[in-house]
Structures are given as C-alpha cells and as structure tokens.
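**Student:** Input: one structure, supplied below.
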Amino acid sequence: MSPSSPLRELVQGRKVVALVGSGGVGKTTSAAALGLRLAVDGQKVLVLTIDPARRLANSLGLDALGNKETRIDLSPLRARGIEAKGELSAMMLDLKTAWDELVRKDSRTPEQAEAILKNRLYQTVSTVLAGSLEYMAMEQVQRISASGRYDVVVLDTPPTANALDFLGAPDRLMDMLDNDAMRFVLGPMLKAGKFGLKLFALPSSIVLKTLARFTGADFLRDVADFFVAFEGMYDGFKARAAQVKALLSSPQSAFVLVTSPSSLTIDEALFFHRALSDARIATAAVIVNRMQRDPRAQGGAESQPALIEALGRAQIADAPSDASIAAQQSVLSASGQAAAGELLSARLARTLGEQAALADVDQREVQRLAAQIPSVPLYVAPRMRRDIHDLLGLWQIHESLGTL
Amino acid sequence: MSEGETPQPSLHTDLLSRRLLVVTGKGGTGKSTIAAALALAAAQRGKKVLVCEVSARERVSELFGKPPSGTQIGQLAKNIYSVHVQPAEAMREYGIMTLRSETLYNLVFERKVVRYFLRAAPSLAEIVMLGKIAWHAEKDMDRGHRRWDLVILDAPATGHALALLTVPRVILSLVSEGPLATDMNWIESLLQDPKRTQVLVTALPEEMPVNEAIELRAALVKEKLPLGPLVLNSVFAPRFTDIERTAVARGGPMLAAAADAADGHEARAQMSVQYAQVLRDAGVGRDPASPLVPVSHVFERQFGVAALEQIARSLSGAL
C-alpha cells in the first residue's frame, strides 16, 4: 500500500514506537530520524537504543551514550531555519548497569541485593542470559513510559534474526528464573542453599547425579545459589513483564518494520511480519531503507555508442582512465575494477549498467514485499550518498523521503 | 595485488588449512556470503568442508540453491556440506557422547522436567552448540581420518558471537573439574590456537559497520582469539576523476543518466577508500596473519553460485 499520510502522523498519539528488523538495515538511524521528526513537531521524545555499538550516538553526532537519558541539543537545526517545538533525548541501554539497578530496586533487603550482586553466576551470566537484553529493553520502556516524562518512547530493538525471540524473550527469562522444573531438579540444593549449609550434600536424585557428571557439582551449586538469591523477586519481575506485554500489544504502541531491499532481509521482514501477526500485533508501517536510485530516471544516453556521441556533442574527451585513479585504488588493494586505460565512455556505460542493475534488483524486491503485505503502508528511503553523523544529516533523511 | 603490497602467497593456503574458520561481524555485512565463498574456495582446492549455521534461518544452503540441511548434515555442492546446529539436537548428541549411554540419556534428559531445565539453564545452549562445532572440527573421525578438512562457522553477529566464543572462559571460571571442564579446556585451546582457528570479521565500507568491526577485533584480541583477515565487503573502486565527473554533469540532458550513475558509484567508491583507510589507521593489516581483504560488490541480478564463485575468486586473489 502506498502511504497516504506521513509516518509521523501514523504514529501520532502512540506512547511507544518500536522499530523491529534484522541487523544492518538502518533501524537505529530510522529510529533517530523518526524521533527527531516527532521532537521537532512538538513532542517530548526519548530514543532508546539497545545496541552497544554506538550507532545512535554516531548518528546524533555524539561520541558516546550511556545508561542515562541524555538531552540532545537541537539548536544545530536552526542553520536550516528549523526551530524544534519539542524535546529529544536519547539513551543507550547498558545491560550490566540496568541489571544491577533492577536488583537493587526489586530486592526485599539490601542483604539480598548484595547476595545477588556477589553471586558468581550472576556476575558472569546476567548479561548473556537468553532473553536478558530483550527483557531489560522491555523493562526500561515500561519504566520510562510509566514515568510520564516523555510523550513517546522510540525503541530501537535488538537485532534478532527472529521476531519471536524478541517478543518471547521476557517470557523465556521469567520461565528460567521461576520455573518448577528448576525447583524440582535443584530441589535438594535449593534447600541446602536456603539453610546456608556450608557442606554441600551430594545430589541424591539420579537426575542431579547425572547432570553433575556433566557439569561437576560446583556448577550446579552455583546455579542453585543463583536461584535462591532471586527468591521472592519473581513476582515483581513477572508483574512488570506482564505490564510490558500489555503495553506493547495495546493501541498505545506501534510496531514499525525496518528492512533493506536485499532479498535476504526482505525474507526476514516478511517472517517478522508473520511473527507479529501471530502475536496479534499489527505492523503499523514498513520502512525500506537504502533503496538504490535508478540513474535511467534522469534520461539520456545509456549504451556506449550513444554515450560516445553525447560526449562528442558536449565536447568532452573520451579519454582513458588516468593514473591518479589507480593510485586511489591502492588502499583497497582491489584488482580489476577499473581496467587501466578504459575509455570514459566505456566506464560510464558499465557504471550505468551496474547502477541500473542495482536499482532493478531493489525495485523487484520492494514489489515482492509490497505484494505480500498489501495492507501495510510502505515507506521507501533512498540510499544516502554519505554517512549520517549529525542532526542535519538525520533531518535530510525525511527531506529526501518526503513522507516520513 | 597492487603496488606497495607485499605478496604473501602462502597465506591463502594457510588460512584454508586451519581446522576452524569463524566468520562474524555486524548484521548485514555478509557473514553467510563470506562463509559460503570460503567453503567454495576450500572445496575447489579439494578440501572437504562442513559449514555450521547457528542462526534462526539457514542461509548458506540457500546461497547454494539447496533446501535447508536441518540438524542432519546435508550436501550443498561437491565437497561442501552444511548442518544447522540447534541447541536441542546438540544437547542430545553431546549428552549421549558424554554419558556413553543413550538409555541413560533418555532416562534422564528426555524427561519433560529436565528438558525444561536444560532449556532454561544459563549458557547451556551455547555450551552444547560450541561443543558440537568444535567436535566436528577436531574429533569427528571416519576410519582413522578426520571426516572434515575444514569446518566453517557462520557465526552470529558481533555480541552474540562473542558470547558464544567466550563460553569456555566463562564456564571454566565457574567449573574446575568434571567432563564439562575437560571439554571446555580442549575447546578453549582449539579456539585460541592460531594454527588451528581463525576468526574472520566482516564489514561494509560504512561508518557503523567499520566502528563495530574495529571494536570487535579489539574484543577478540582481549579474549585471545586469533584474528584472521578482515573482509571488507561490497567495495566500489574509484573509476572517475573529479574533472571527468564535473564535465559529464555539465554535459547536458543526454549525459544526465550517466552523470547520476557516476555520482552514485563515486559516492560509494569514496566511502570504500575512506573506510579502508580508517581500518588501516586502526591497525588492520599490520599483522600479516590478519590482512584487510576488500571484496568487490557483486552486480549479479540473481545472487547464487555464480556470485559466490566471483567472491571466492576475489578472496583467493587478495589473500
């Protein structure tokens, strides 16, 4: 469906806008561009990124971002005559800090918090637990959204290959922290932990014995300690996970699918869309980033003979490529891209053919996407001809997009 | 090979004579494509290669135009095989191997409650997946010979790959004895041995993938994992001088499409040059074992084996 209204209107009034998609499709940049647009229009916006790779900081022109909400100075936009009516803040989720803060906040006593923070397993695995990142992202969205400090939170989700990973992760984490199987298997150890026994009774059940053959008893004891330490905190975790789920599946939230036009990422976008549908979440819009511009749309000569004629009329010498180009290529140590001495007309014809092929492939893929999800508004952003690393660059994204 | 580069003819054979090549990098930088092209390059030299895929969807089999292999090894081309390494199946194989008894495994591990426990226990998925991959690389024997000359791991993106590759260190900090510790020890020594293992990082000539590649390489060094080549994918080489482009841009409507195409090409070429330089400035290529390998953009309309062959040639030529 070709969009009848700008994306910013589509997400107007939503409290959470989650951008989902596979890695490397420009999710973070889209999140920053949309956040900026909403802030300029007058909303108080927080863009929350999960990625430790400084992508958001890069595109906002900052060196780094931390686990604190950071206000972005929008005054550079005045150079373009744009006065922001709202406010933009950004924050990068630091997983370890977020976990530590949550433990301190949710534990029943300071002693419990200390016990968890000192637990060896907690220290090594809290940041790598399956679903840990996703749970924390959800937790932060819920917390920030409930604080009322912002009109809207734009969430740059973790790059999972599978949308279900992202949506189901909090559940999986909750399952892990509070599951009956865990109690059953580790039962004897949990008791040992609870009574603070220094001497560890050997596992009595065959299950525990067999597991211990694998891992050694030490590891199982660490696991048991870990679960004992968290005792009593599950209800808080669960309640918040349920709230997050309710928020994300309510009309207060919008999911925007981000993709690039390559066939693999289009396949993944379709997969994401199905996963969202299965979870009864509507895809509010699709953004296709990095669409190749079709040079043929500019008109003029395309074949080498026609180019030779056009060059002649414009009195441009059809000269072989010059040595300075070969020198530039040395840093790439790439061979055979521009055969030495290739005529200008030949290079132009070849380049035109290549750029047209790129455009054709992108066009074909976007049409395939549109045909499969005809009811979802689709926004196409061209491939930028330079990197975005400041606010003006971000602003340019929707100027060129027109509809964002 | 361009001027100013020292030829290293032995490097290529060296790279492909490792036991295990791990390919990782930012999402969308072509990990699976490079893994597939490496497999092709090795197979063309007569090596029998197993590609291990660990992400939700198999991509390497798709690149060869074959149906997904699933958790059973499937053949993709002459001398090229692949397998989808999944936690549940890897757990089963690993469990039976360690306990040396399928009956005991079924008795204990196939119980619903234990399956649930295993699914939820921290790091277990990574342990068994890495265990299976390392086993194929080092211990998978067939009539006294290694079944595979080379195992290629199409690893997850940056953060998840680091979590997977550092599982032995994490576990060994928690467990000091028993079969798990023994396994983690030999797996860690395999992963850290530059003669047997190389970790290739992929990037695109863009700001964020390049930043991420530099940070990833620093993290790999810190974890004592041997750095292999950095593959800079989708490179465009400069083709036009500024004077030529200005002239064509002013050449009137008959040259409008050509001018636009040249601008589009040159924008990407300038980024290719700029980010290759950023990588070199960050020390990439200083160690001959870990060169910068640019791979030209492939303009195939259908991305398949022909494109892989082109990339395999590009890799072979540069290495």
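For the record, the sequence lines run as chains A and B.
Residue numbers in the first sequence follow the numbering used here, run continuously in steps of one, and reach 481 at the last position.
Residue numbers in the second sequence follow the numbering used here, run continuously in steps of one, and reach 325 at the last position.
A virtual CB, placed ideally from N, CA and C, is assigned to each residue, including glycine.
#1: Which residues, in order along the stretch 438-472 of chain A, keep a beta-carbon less than 9 Å from a beta-carbon of chain B?
#2: Hey, could you find the ends of the alpha helix (DSSP H) B/Leu-69 is sitting in?
#3: At 9 Å on the CB atoms, spell out the chain B contacts of A/Ser-99, in chain order.
#4: Any beta carbon from chain D within less than 8 Å of B/Glu-183's own beta carbon?
#5: Could you tell me the distance, in whole angstroms, from the CA atom of B/Pro-93 to the CA atom of B/Glu-132?
#6: Expressed to the nearest angstrom, what Euclidean distance is found between the alpha-carbon atoms of B/Pro-281 and A/Phe-303?
#7: Please list the terminal residues of the continuous alpha helix (DSSP H) segment that includes B/Ile-40.
#8: For A/Leu-137, which of helix, strand or coil comes out of DSSP?
#9: For B/His-271, return the contacting residues in chain A, with the cut-off set at a CB-CB distance below 8 Å.
#10: Based on Cα-Cα distance, which residue from B/Arg-106, B/His-90, B/Leu-314 and B/Phe-242 lies nearest to B/His-142?
#11: Enumerate in chain order the residues of its own chain whose CB-to-CB distance from A/Thr-360 is below 6 Å, with the five nearest sequence positions on each side excluded.
#12: With 8 Å set as the bound, which would you pick, yes or no: does the beta-carbon of A/Thr-342 sit closer than that to a beta-carbon of chain B?
#13: Which residues of the stretch 356-380 of chain A have a Cβ closer than 7 Å to any Cβ of chain B? Give them in chain order.
#14: Which same chain residues, not among the five before or five after A/Ser-107, have their C-beta less than 7 Å away from its C-beta?
#15: Taking A/Pro-397 as part of the alpha helix (DSSP H), name the residues at either end of that continuous run.
#16: Are three or more beta carbon pairs between the stretch 34-48 of chain B and the stretch 171-180 of chain B nearer than 8 Å?
#17: From the beta carbon of A/Arg-114, is the nearest beta carbon of chain B less than 8 Å away?
#18: Taking the alpha-carbon positions, what's the B/Met-214 to B/Glu-221 distance?
#19: Residues of chain A with CB under 7 Å from B/Gly-258, in chain order?
#20: Since A/Thr-292 meets chain B, which of its residues come closer than 7 Å, beta carbon to beta carbon?
#21: Hey, out of A/Tyr-227, A/Thr-292 and A/Ser-330, whose CA is closest to B/Ala-187's CA?
#22: Under 8 Å between the Cβ atoms of A/Asp-228 and A/Lys-322?
#23: Helix, strand or coil for B/His-90, going by three-state DSSP, please let me know.
#24: For the 8 Å Cβ check, are there 3 or more pairs between the stretch 309-325 of chain A and the stretch 210-226 of chain A?
#25: For A/Gly-100, which of A/Pro-235, A/Arg-463, A/Arg-157 and A/Gly-138 has the nearest alpha-carbon?
#26: Could you give the residue range of the alpha helix (DSSP H) that holds B/Gln-280?
#27: Determine the chain A residues that contact B/Leu-105 at a beta-carbon separation under 9 Å, and present them in chain order.
#28: At which residue ranges does the stretch 340-406 of chain A contain complete beta strand (DSSP E) runs of 3 or more residues, listed in the order of the chain?
#29: Is any beta-carbon of chain A found at less than 8 Å from that of B/Glu-315?
#30: Figure out for me which residue from B/Thr-164, B/Tyr-111, B/Trp-192 and B/Glu-95 has the closest Cα to the Cα of B/Val-134.
**Tutor:** In short:
#1: Correct list: Val-438, Arg-441, Arg-460, Met-461, Arg-462, Arg-463, Asp-464, Ile-465 and His-466.
#2: Indexing the second sequence from 1 puts residue 69 of chain B at position 63. Here the alpha helix (DSSP H) through B/Leu-69 covers 66-69.
#3: Start at 1 with the first residue of the first sequence, and residue 99 of chain A comes out as number 22. The answer, in chain order, is Gly-33 and Gly-34.
#4: Going by chain labels, chain D is absent from the structure shown, which instead holds the protein chains A and B.
#5: Position 87 of the second sequence, counted from the start, is the residue given in the question as residue 93 of chain B. Position 126 of the second sequence, counted from the start, is the residue given in the question as residue 132 of chain B. Straight-line measurement puts the Cα of B/Glu-132 at about 7 Å from the Cα of B/Pro-93.
#6: Counting from 1 along the second sequence, the entry for residue 281 of chain B is found at position 275. Counting from 1 along the first sequence, the entry for residue 303 of chain A is found at position 226. A small fix is needed here, since residue 281 of chain B is Tyr in this sequence, not Pro. B/Tyr-281 and A/Phe-303 have their C-alpha atoms spaced approximately 45 Å apart.
#7: Locating residue 40 of chain B in the second sequence gives position 34, where the first residue counts as 1. Element bounds for B/Ile-40: 37-50.
#8: Translated into positions along the first sequence, residue 137 of chain A becomes position 60. Coil.
#9: By one-based count along the second sequence, residue 271 of chain B stands at place 265. By Cβ distance, chain A contributes Thr-428, Glu-431 and Gln-432.
#10: Position 136 of the second sequence, counted from the start, is the residue given in the question as residue 142 of chain B. That would be B/His-90, whose Cα lies nearest to the Cα of B/His-142.
#11: By one-based count along the first sequence, residue 360 of chain A stands at place 283. The answer, listed in chain order, is Phe-332, Leu-334, His-350, Leu-353 and Val-453.
#12: Counting from 1 along the first sequence, the entry for residue 342 of chain A is found at position 265. Yes, A/Thr-342 lies at the interface with chain B (some Cβ there is under 8 Å from its Cβ).
#13: Hits within the stretch, in order: Arg-370, Pro-372, Arg-373, Gln-375, Gly-376, Gly-377, Ala-378 and Glu-379.
#14: By one-based count along the first sequence, residue 107 of chain A stands at place 30. Excluding residues within five positions, the ones whose Cβ falls inside 7 Å are Leu-96, Val-335, Ile-364 and Asn-366.
#15: Numbered from its first residue, the first sequence carries residue 397 of chain A at position 320. Careful: A/Pro-397 lies outside any alpha helix (DSSP H) and carries neither H nor E.
#16: Inter-segment contact for the stretch 34-48 of chain B and the stretch 171-180 of chain B is absent: fewer than three beta-carbon pairs are separated by less than 8 Å.
#17: The sequence position of residue 114 of chain A within the first sequence is 37, counting from 1. No, because no Cβ of chain B sits closer than 8 Å to the Cβ of A/Arg-114.
#18: Start at 1 with the first residue of the second sequence, and residue 214 of chain B comes out as number 208. Start at 1 with the first residue of the second sequence, and residue 221 of chain B comes out as number 215. When rounded, the distance between both Cα atoms is 11 Å.
#19: Numbered from 1 along the second sequence, position 252 holds the residue referred to as residue 258 of chain B. Neighbours of B/Gly-258 across chain A, judged by C-beta separation under 7 Å: Ala-391.
#20: Translated into the one-based positions of the first sequence, residue 292 of chain A becomes position 215. Residues of chain B passing the Cβ test: Val-181, Gly-184 and Leu-186.
#21: Position 181 of the second sequence, counting from 1, holds the residue named residue 187 of chain B. Nearest C-alpha to B/Ala-187 among A/Tyr-227, A/Thr-292 and A/Ser-330: A/Thr-292.
#22: Here residue 228 of chain A is taken as the residue at index 151 of the first sequence, counted from 1. Here residue 322 of chain A is taken as the residue at index 245 of the first sequence, counted from 1. No, these two residues do not count as a Cβ contact at 8 Å.
#23: Translated into positions along the second sequence, residue 90 of chain B becomes position 84. Here B/His-90 sits in strand by DSSP.
#24: Between the stretch 309-325 of chain A and the stretch 210-226 of chain A there are three or more C-beta pairs closer than 8 Å, enough to call the two in contact.
#25: Sequence index remark: in the first sequence, residue 100 of chain A carries index 23 (1-based). Nearest option by C-alpha distance: A/Pro-235.
#26: Looking up residue 280 of chain B in the second sequence gives position 274. According to the DSSP assignment, B/Gln-280 belongs to the alpha helix (DSSP H) that extends over 262-287.
#27: As a working note, residue 105 of chain B is residue 99 in the second sequence. Residues of chain A passing the Cβ test: Thr-287, Arg-290 and Phe-291.
#28: If only uninterrupted beta strand (DSSP E) runs of at least 3 residues are considered, those enclosed by the stretch 340-406 of chain A are 360-368.
#29: Residue mapping note: residue 315 of chain B aligns to position 309 of the second sequence, counting from 1. The beta-carbon of B/Glu-315 is placed no less than 8 Å from the nearest beta-carbon of chain A.
#30: Translated into the one-based positions of the second sequence, residue 134 of chain B becomes position 128. Checking every option, the nearest Cα to that of B/Val-134 belongs to B/Glu-95.
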